[in-house]
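Visitor: Going from the sequence shown to this note's numbering is simple: count from 1 and add 11. We treat Cβ as the ideally placed atom computed from N, Cα and C, and that holds for glycine.
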Amino acid sequence: MQIKTKSLALLSLASLLLVSACTIQLRVKIDLAEDGSGQITAGIGLDEQARNQPAFQNIEEALRISDLIEAGWEFESAGLGSDGREWFESTKSFADPDDLQKVLNELTNSPEAFKDWEFSSEITSKTRDFVVSGVVDLTDGLNLFTDESLNKLLAEPPLGIAIETIEESLGTSINETISLQVIVNLPDQSNEEIIDIPLGEERVVEVTGNSEHRVAQILDWVVLAVLALLALSIILAILNWYLDKRYEQRQLQRRPSPIAQQIPGNEMAFLQQPSTQTERLQLLVIDPYGTIFKEENTPLEHLRAFINKKEGNSNPDELLDLHHSVTMGKLTSSEFWNQVGLTESPDSLNHEYVKSLQFRSGGKEFLKNLHKRGIAVSVVTNDLIEWSTQIREIYGLQGIHPWIISSEYGVRKPDPAILEILNRSSGIAYQSCLVLDTATNFLDTAQTLGMKTVHLNPEANKSDANQKHPSVRRLNEFFKGQ
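(1) Please report the Cβ distance between residue 464 and residue 446, rounded to the nearest whole angstrom; I am assuming they are in contact, meaning their Cβ atoms lie under 8 Å.
(2) In whole angstroms, what is the alpha-carbon distance linking residue 59 and residue 91?
(3) Can you check whether the CB of residue 415 is closer than 7 Å to the CB of residue 396?
(4) With a CB to CB cut of under 7 Å and the five nearest residues on each side skipped, what residues in its chain are close to residue 369?
(5) Indicate whether the contact test is met: 3 or more Cβ pairs, each with one atom in the stretch 98 to 113 and one in the stretch 192 to 212, closer than 8 Å.
(6) With respect to the beta strand (DSSP E) encompassing residue 146, which residues constitute its N-terminal and C-terminal limits?
(7) Can you tell me where the alpha helix (DSSP H) with residue 401 in it begins and where it stops?
(8) Is residue 250 helix, strand or coil by DSSP?
(9) Would you call residue 412 buried or exposed, if buried means 16 or more other Cβ atoms sit within 10 Å of its Cβ?
(10) With respect to the alpha helix (DSSP H) encompassing residue 350, which residues constitute its N-terminal and C-terminal limits?
(11) Give the range of the beta strand (DSSP E) segment to which residue 89 is assigned.
(12) Tell me, to the nearest whole angstrom, how far the beta carbon of residue 390 is from that of residue 297; I am working on the premise that it is less than 8 Å.
(13) Taking all protein chains shown into account, do 16 or more other C-beta atoms lie within 10 angstroms of the C-beta of residue 382, making it buried, or fewer, making it exposed?
(14) Please classify residue 489 as buried or exposed, where buried requires at least 16 neighbouring CB atoms within 10 angstroms.
(15) Could you please give the first and the last residue of the uninterrupted alpha helix (DSSP H) stretch that includes residue 358?
(16) Taking buried to mean at least 16 other C-beta atoms within 10 Å of its own C-beta, is residue 538 buried or exposed?
(17) Per DSSP, which one or two residues make a beta bridge with residue 300?
(18) How close, in whole Å, do the beta carbons of residue 85 and residue 102 come, if the pair is a contact with beta carbons under 8 Å?
(19) Mind checking whether residue 377 and residue 424 have CB atoms under 7 Å apart?
(20) Is the stretch 314 to 327 touching the stretch 346 to 355 in the sense that three or more CB pairs, one from each, lie closer than 8 Å?
(21) Here's a check: name, in chain order, each residue in its chain whose Cβ is nearer than 8 Å to the Cβ of residue 337, leaving out the five neighbours to either side.
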């Protein structure tokens with residue numbers, strides 16, 4: 012009798028219809044998980060008139076709770092619902108989708124009441140589809156809630172009283188007094204599906220749903236994130252290009268003549284410059300050695316001091332020839348270091364040598380001031396490609412362009428050809444360039460080509476007898492009065 016205990020409980024309630032003219036709402040709620048397990052909750056809702064019946068003062072006895080518990084159901088009083096009924100519910104769980112039909116069969120005495128119930132799921136590339144289906148057949152009416160052994164004790168099934176007598180007592184059709192509500196909750200977390208089935212009718216129930224795989228969701232998010240980063244990188248690249256163009260267009264249009272006017276002791280030197288001074292300044296040309304980096308007496312002194320520190324061969328005449336060859340591109344840096352007696356890794360020596368360079372006093376501020384004023388800067392230098400490359404990387408000078416290196420083209424300062432290379436690379440006329448350098452022979456070459464010149468003479472020990480070039484002793488004098 013265990014699997015019939017639920018129907019026997021409903022029988023007790025249905026019997027009360029004869030004396031109370033109350034209505035009863037039955038409810039079957041099916042909650043399913045992705046693996047097909049779940050639980051069924053069978054509920055009985057009593058209206059206010061039914062709750063006031065004496066038979067319900069001891070509800071547990073009326074519903075035969077002990078029998079329900081023995082059959083594996085858990086009983087609880089759920090209290091008043093939103094419909095104004097007081098609900099009493101019993102719940103039973105199942106671990107396998109095949110058990111869904113078995114548990115539903117325990118609700119009534121007829122195997123036809125709940126039949127053909129199945130739960131299935133299908134996995135696709137991104138979703139998992141769920142389907143639960145079955146038939147609810149209430150055409151047997153109250154017979155669904157009576158027991159065969161009990162019927163034998165009664166004169167006339169169901170309940171031993173003719174249906175017409177029950178309906179006359181209720182004042183309405185028996186089918187309108189008891190109704191069943193089936194609720195299905197699929198694992199897709201969507202809204203529950205509610206099906207109302209009047210007593211005496213049959214319904215085919217099919218509820219579908221789907222949920223997106225967690226992995227598929229994460230992959231979608233990753234793809235969106237990658238696309239967003241790609242779009243952002245493109246936008247930043249376009250913005251950077253636009254700012255570079257804007258910077259080039261907004262370079263300050265400066266003239267070198269006011270600079271010459273502010274150099275102490277050279278107030279009249281600017282009058283000796285060619286008439287091409289009327290051209291606006293577009294480019295400042297420097298050599299980092301001796302201009303922004305401090306040196307000893309000659310450009311080779313710092314290199315010679317470095318070789319001496321490393322205990323190499325620093326014969327001045329030999330070093331001069333080797334330096335000339337390597338900066339003309341005739342020797343590699345590896346060959347140069349070997350010939351001065353240093354056998355360490357060439358890359359390591361290159362890096363160590365460049366790191367040994369020190370900014371001249373005011374060198375960093377000079378570069379910042381040029382950038383602040385929007386003055387474009389280029390470099391022309393007698394150097395190795397490896398050393399110049401590391402200078403740009405280590406000291407953050409990648410923004411200087413063009414950077415003309417003698418070993419790359421096989422021509423050295425003060426040869427005019429190196430300035431012709433600058434002219435082709437920059438696209439700026441000679442008359443719109445100003446050369447700031449410590450070597451007067453290179454300044455002479457630049458001036459011959461029509462470029463403006465300023466002599467950086469830190470210790471005032473490199474005389475310019477003819478005073479062909481305005482001079483400054485310190486870099487901060489370059490902007491004096493500007």
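Guide: Walking through what the data contain:
(1) 5 Å
(2) 10 Å
(3) no
(4) 304, 305
(5) no
(6) It spans 138 to 148 - the beta strand (DSSP E) in which residue 146 sits, taken as one unbroken run.
(7) 396 to 405
(8) helix
(9) exposed
(10) 344 to 350
(11) The continuous beta strand (DSSP E) containing residue 89 extends over residues 85 to 91.
(12) 6 Å
(13) exposed
(14) Burial call: buried.
(15) 357 to 366
(16) This structure cannot settle anything about residue 538, because the visible part of the chain is limited to 12 through 493.
(17) Paired residues: 304.
(18) 5 Å
(19) no
(20) yes
(21) 343, 344, 346, 347, 395, 418
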